[in-house]
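Residue numbers are given in UniProt numbering: position 192 of the sequence shown equals residue 409, and the series is strictly consecutive.
Some notes on the structure that comes next.
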Amino acid sequence: DRLKLSFEKRKQFAKSAAAASLFDIMVAKNSNLCVAADVPTAEKLLEITKLVGPYICVLKTHHDIVDNFTDDTAVELQKLAKKFNFLIMEDRKFAEIGSIALKQASKVAGWADLVTAHSNAGPDIVPALRSAFSTCPEGDKKGVFLVAEMSSKGNLHSPEYAKATANMAILYPEVVSGLVCQSPSVVPSLGVLQLTPGVNLETKGDSLGQQYNTPEVVVGEKGADIAVVGRGIVSVSDPAAAAQKYQTLLWQAYLNRLA
Ligand code: BMP
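As structure tokens, then:
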């Protein structure tokens, strides 16, 4: 049972190098918190990263919503990732035929350790992204998270779609480090990580379809290995304190799950 096994033990089943290093980081930092750094400018992105860096295992970016995101921004992000020991995930959700996804991913593969992709175009998205990684130094240490389910109201992700997405993780275990999903039964093997967005202590949702749960529910019931918190941390007056609080609650929920 995945949910009863520690991250230390699960690391032994990781076939993707990025998943293995994620398990290491999570254990070293006692953190299963991913911050979604959805801020409007490059300056704010670096500022928020410095504030939350000590508390996270993954920094998730949407670099295309950031004004003046430059190569220098990427270099600074990588320095912070090294300093605070976290991985950078560009949440680009690639969803194209392989040949286009390869070209799109080549734009971010240099600085992102992890990227997200939809599975709707079929399994060849995975080797396409692997090809984009392969042109980078240490490209074989990079990984993909496939979106099996979503947190938003009315989404079209059926159980069959989620299952077919999980099968792609079995087909390409060296490349698919994890799945983005909302239910505990989707993840097909012990070495694959479940990333679950939609976490907020203050509110149940937003006005555009987002749906939130608490850390306890997301980790304990929905099966998240890593939980994503965006506005709950980046849109409050003290992001560092909020990150510390979510880190503590999420890690406690993981310990409770093991017990
Ligand atoms: P917030 O906590 O502010 O709602 O941010 C959630 C983050 O997680 C966003 O960056 C969004 O792109 C991402 N996300 C999500 O909310 N639901 C999903 O199903 C998949 C996501 O990647």
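All C-beta atoms, glycine included, are put in the ideal place defined by N, C-alpha and C.
Given the structure is predicted, the values throughout are model-derived calculations rather than measurements.
1) Sorted by chain position, which residues of the same chain lie with C-beta nearer than 7 Å to residue 303's C-beta, five sequence neighbours on each side aside?
2) DSSP three-state label for residue 252, please.
3) The alpha helix (DSSP H) spanning residue 461 covers which residue range?
4) Would you call the segment 381 to 388 in contact with the segment 327 to 345, where contact means no fewer than 3 C-beta pairs closer than 8 Å?
5) Please name the residue, chosen from 291, 418, 329, 474, that lies closest to residue 357 on a Cα-to-Cα basis.
6) Tell me whether residue 277 counts as near the ligand BMP, meaning its Cβ is closer than 8 Å to at least one heavy atom of that ligand.
7) Does the segment 288 to 298 come into contact with the segment 315 to 322, if we say contact requires no fewer than three beta-carbon pairs (one atom in each stretch) closer than 8 Å?
8) Leaving out five residues on either side along the sequence, give the residues of the same chain with a beta carbon under 6 Å from the beta carbon of residue 426.
9) Is residue 364 near the ligand BMP, with its Cβ less than 8 Å from a heavy atom?
10) Shorter than 8 Å, the distance from the beta carbon of residue 454 to the closest heavy atom of the ligand BMP, or not?
11) Relative to the C-alpha of residue 245, which candidate in 378, 325, 424, 468 has its C-alpha closest?
12) For residue 429, verify whether its CB is less than 8 Å away from any heavy atom of the ligand BMP.
13) State whether the segment 418 to 425 contacts the segment 397 to 410, with contact taken as three or more CB pairs (one from each stretch) at a distance under 8 Å.
14) By the 10 Å Cβ neighbour count, where 16 or more other Cβ atoms means buried, how is residue 455 classified, buried or exposed?
15) How would you label residue 314, buried or exposed, when you count the other beta carbons within 10 angstroms and need 16 or more for buried?
16) Only counting the same chain, and skipping five residues up and downstream in sequence, which positions put a Cβ closer than 7 Å to that of residue 379?
17) Could you tell me the boundaries of the alpha helix (DSSP H) in which residue 387 lies?
18) Helix or strand or just coil, what does DSSP make of residue 307?
19) Checking 9 Å against the spacing of the C-beta atoms, do residue 331 and residue 362 come in under that value?
20) Along the chain, where does the beta strand (DSSP E) containing residue 323 start, and where does it finish?
21) What residue range does the alpha helix (DSSP H) around residue 413 cover?
22) CB-CB under 6 Å to residue 447, same chain, minus the five flanking residues each way: which ones, in chain order?
23) Are there any heavy atoms of the ligand BMP lying less than 8 Å away from the beta-carbon of residue 432, as far as the coordinates show?
24) What does DSSP give as the partner residues of residue 446 in its beta bridges?
25) Within 9 Å (strictly less), CB to CB, does residue 354 reach chain C?
In short, the structure shows the following:
1) 242, 270, 273, 274, 275, 276
2) strand
3) Its alpha helix (DSSP H) spans residues 456 to 475.
4) yes
5) 329
6) yes
7) no
8) 369, 370
9) yes
10) no
11) 468
12) Yes, since a heavy atom of the ligand BMP falls inside the 8 Å radius drawn around the Cβ of residue 429.
13) Touching, no, given that fewer than three Cβ pairs across the two stretches are closer than 8 Å.
14) exposed
15) Exposed.
16) 365, 366, 398, 403
17) 376 to 388
18) Here residue 307 sits in strand by DSSP.
19) yes
20) Segment 315 to 323 is the alpha helix (DSSP H) holding residue 323; no beta strand (DSSP E) there.
21) Run containing residue 413: none in the alpha helix (DSSP H); it sits in the beta strand (DSSP E), 410 to 413.
22) The residues are 253, 255.
23) no
24) 252
25) In the displayed structure, chain C is absent; only one protein chain is listed.
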